[in-house]
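Colleague: Handing you this structure, nothing more for now.
2 protein chains.
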Amino acid sequence: MYVTLLSEPTPVNFAAVKRLEDVTSTRPSRYAAGAHLFYEGDPADYVYEIQSGTVRLTRVLETGCRQVIAFGLPGDIVGFPDGGLHHTECDALTPVVVIAHRRTALEAGEGDPKTHQRLFHAALREISTMQDHLMMLARKSALEKVASFLIALSQRIGRCNGTVTVVDLPMSRTDIADFLGLAIETVSRTFSQLRQLGAIVLETPQTILVRDIGALVKASQAVGH
Amino acid sequence: MYVTLLSEPTPVNFAAVKRLEDVTSTRPSRYAAGAHLFYEGDPADYVYEIQSGTVRLTRVLETGCRQVIAFGLPGDIVGFPDGGLHHTECDALTPVVVIAHRRTALEAGEGDPKTHQRLFHAALREISTMQDHLMMLARKSALEKVASFLIALSQRIGRCNGTVTVVDLPMSRTDIADFLGLAIETVSRTFSQLRQLGAIVLETPQTILVRDIGALVKASQAVGH
DNA sequence: CGCGCTTTTGAGATAACTCAATACAGGTGG
DNA sequence: CCACCTGTATTGAGTTATCTCAAAAGCGCG
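Taken in order, these protein sequences are the chains called U and R. Under this note's numbering, the first residue of the first sequence carries the number 1, and numbering increases by one thereafter. Under this note's numbering, the first residue of the second sequence carries the number 1001, and numbering increases by one thereafter.
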């Protein structure tokens, strides 16, 4: 496992050191944008509670095809292991502050029971969240996917600014496409479509103003079969 | 919660009775084909370990659009709650025998630690499985989806019969379509395509012979972007 | 000012969908 | 026992949403 700690200007690899330091469950770690928290196949020594910033969880198919499994936003807990190993890759899209909880805090018994309970319920919640995502990928149109995505993002990281909600996208169009199972061009076109519908304003490509949440909700609703 | 116990010829609703009986973690329960183990929104008193038969986990969008989240096959554990509630609907596709584990056995501390451990790891595995499924839905073509599905099924419930593997499909084409995010006609056409490729033989619509596993694997591999 | 990167827009190709008809199978009743 | 009927599955034909390839636009940076 390669862990890159934030230390400007040059990120330094401190994986071994970190393990020796015996990081507690409560001290926050910092990662620079682009730094990896873990790779697929790494032994899962920690699960990570995002305090600030955004991380990206990806899986890479043998063929090289990327799929973004999830974005980790403040409050999220990422890196649940299977068989003691990470089965996704996780890197920081922005500078992030995380709390690394030892995996043993997730298993029963050891450590603070309150923390254990919190991590455990986060794992159950993760299952539910993934089911939502499954539904979205399988059944929604491009417009519905992008609208749903923007609604979820605005609820999580939107800053309500009088009449509009400002959402600073921490991820690229490519990331959004890989998350929603769309081509990047389709994502871009759909943003334009939502703009033409008057639902959003693209202040910059990364700064979105949600102007008409009703229109966004309407666009997000699948009409079913 | 409505629980229908198998009692031929008429299935009987015994939800209240069941709760009073205080079912233990180790006694198997039986359900007839079509019976519901739980509904979306039910308080999640139990998680279910499938001993034999197949169950179907579905979610219904507000609009009435169905999505099959997963099929529960022997060895699977289904019904992980979120916030104490079931967030899917679960019914039996065939007669099933399940072990109903009290939800408290999933939470730390109470009950047999060995059982707790098993249930807990099943929850973690579930996350990983869902990520695989996510990937499939987002990135694979119809042919790749159906081929992957058949491979997985044949590994789980296939009976190797000399030169071919026999797979009895417990679910309908509609179920497969709703699981893979395809139209039923596309599923059917893809089965035909795999037949024409010599990968499978459709003895009956529900009985599939895997004739050339290599061809099936080849068909299942996404070429990536 | 110009280069490189991301995003947007355009135009044509295509995989999967929809609608429609046919085939098949299992169960029921004459 | 066979004809019928109902539900499921298959096949066909045309439509469409999304993808792919290609070009233009916007933006940051040296």
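Ideal placement from N, C-alpha and C gives every residue a C-beta, glycine not left out. The structure displayed is predicted, hence computed values, not measured ones.
Let me know if arginine 27 of chain U comes out buried or exposed under the rule of 16 or more other beta-carbons within 10 Å of its beta-carbon.
Modeller: With fewer than 16 other Cβ atoms within 10 Å, it is exposed.
Colleague: On the premise that lysine 145 of chain U lies in contact with leucine 182 of chain U, defined as a C-beta separation below 8 angstroms, what is that separation, rounded to the nearest angstrom?
Modeller: Yes, leucine 182 of chain U and lysine 145 of chain U are in contact; Cβ-Cβ is about 7 angstroms, under 8 angstroms.
Colleague: Just the Cα atoms here: how many angstroms apart are glycine 72 of chain U and alanine 122 of chain U?
Modeller: 12 angstroms
Colleague: If we define contact as Cβ-Cβ less than 8 angstroms, is threonine 88 of chain U a contact residue for chain R?
Modeller: yes
Colleague: Contact criterion: CB-CB distance below 8 angstroms. Does glycine 72 of chain U meet it with respect to chain R?
Modeller: In terms of beta-carbon proximity, glycine 72 of chain U stays away from the interface with chain R, with every pair separated by 8 angstroms or more.
Colleague: Using only the alpha-carbon positions, how far apart do cysteine 65 of chain U and valine 1223 of chain R sit?
Modeller: 8 angstroms
Colleague: Contact criterion: CB-CB distance below 8 angstroms. Does glutamate 144 of chain U meet it with respect to chain R?
Modeller: no
Colleague: Are arginine 211 of chain U and glycine 198 of chain U touching if we call contact CB-CB under 8 angstroms?
Modeller: Taking 8 angstroms as the Cβ cut-off, arginine 211 of chain U and glycine 198 of chain U qualify as a contacting pair.
Colleague: Going along the stretch 1115-1135 of chain R in order, which residues come within less than 9 angstroms of chain U, judged by CB to CB distance?
Modeller: His1116, Gln1117, Phe1120, His1121, Ala1123, Leu1124, Arg1125, Glu1126, Ile1127, Ser1128, Thr1129, Met1130, Gln1131, Asp1132, His1133, Leu1134 and Met1135
Colleague: With 16 as the cutoff for other CB atoms within 10 Å, does isoleucine 208 of chain U come out buried or exposed?
Modeller: With 16 or more Cβ atoms within 10 Å of its Cβ, isoleucine 208 of chain U is classed as buried.
Colleague: Would you check if the distance between the CB atom of alanine 1138 of chain R and the CB atom of glutamine 67 of chain U is smaller than 8 angstroms?
Modeller: yes
Colleague: Which residues of chain U have a Cβ atom closer than 8 angstroms to the Cβ of valine 1166 of chain R, listed in chain order?
Modeller: Ordered by position in chain U, no residue passes the 8 angstroms Cβ test against valine 1166 of chain R, which lies about 28 angstroms from the chain.
Colleague: Can you tell which of R:Gln1051, R:Thr1088 and R:Val1217 has the C-alpha that lies nearest to the C-alpha of isoleucine 1151 of chain R?
Modeller: R:Val1217
Colleague: Quick one: is glutamate 49 of chain U buried, meaning 16 or more other Cβ sit within 10 Å of its Cβ, or exposed?
Modeller: Glutamate 49 of chain U comes out buried.
Colleague: Can you give me the start and stop residues for the beta strand (DSSP E) that phenylalanine 236 of chain U sits inside?
Modeller: The requested residue 236 of chain U does not occur in the structure, where chain U is confined to residues 1 to 225.
Colleague: Less than 8 angstroms between the CB atoms is what I'm expecting for alanine 1092 of chain R and valine 1060 of chain R, so what's the real figure, rounded?
Modeller: That pair is no contact at about 17 angstroms.
Colleague: Would you kindly check if the distance between the Cβ of leucine 1124 of chain R and the Cβ of isoleucine 69 of chain U is under 8 angstroms?
Modeller: no
Colleague: Using the C-alpha atoms, what's the distance from methionine 171 of chain U back to valine 196 of chain U?
Modeller: It should be noted that the sequence gives glutamine, not valine, for residue 196 of chain U. Those two C-alpha atoms are separated by around 22 angstroms.
Colleague: What residues from chain R crowd round leucine 137 of chain U, counting only those whose CB sits closer than 8 angstroms?
Modeller: Leu1134, Leu1137, Ala1138 and Gly1181
Colleague: Between methionine 1 of chain U and chain R, is the shortest Cβ-Cβ distance under 8 angstroms, so that the two count as touching?
Modeller: Residue placement at methionine 1 of chain U is poorly supported in this model, since its pLDDT is 40, which falls under 50; the coordinates still yield a value, given next. Chain R, which has no Cβ nearer than 8 angstroms to the Cβ of methionine 1 of chain U, makes this no.
Colleague: Answer with yes or no whether the minimum CB distance from threonine 26 of chain U to chain R is below 8 angstroms.
Modeller: no
Colleague: For glutamine 1221 of chain R, return the contacting residues in chain U, with the cut-off set at a CB-CB distance below 8 angstroms.
Modeller: Glu62 and Thr63
Colleague: For isoleucine 77 of chain U, write down the residues that DSSP places opposite it in a beta bridge.
Modeller: U:Glu49
Colleague: In terms of DSSP beta bridges, what is aspartate 168 of chain U paired with?
Modeller: U:Thr207
Colleague: Threonine 59 of chain U touches chain R at which residues, Cβ-Cβ below 7 angstroms?
Modeller: Reading the sequence as shown, one finds arginine at residue 59 of chain U and not threonine. Within chain R, the residues near arginine 59 of chain U are Gln1131 and Met1135.
Colleague: Which same chain residues end up closer than 6 angstroms to leucine 143 of chain U when comparing Cβ atoms and leaving out the 5 residues on each side of it in sequence?
Modeller: Thr190 and Ala219
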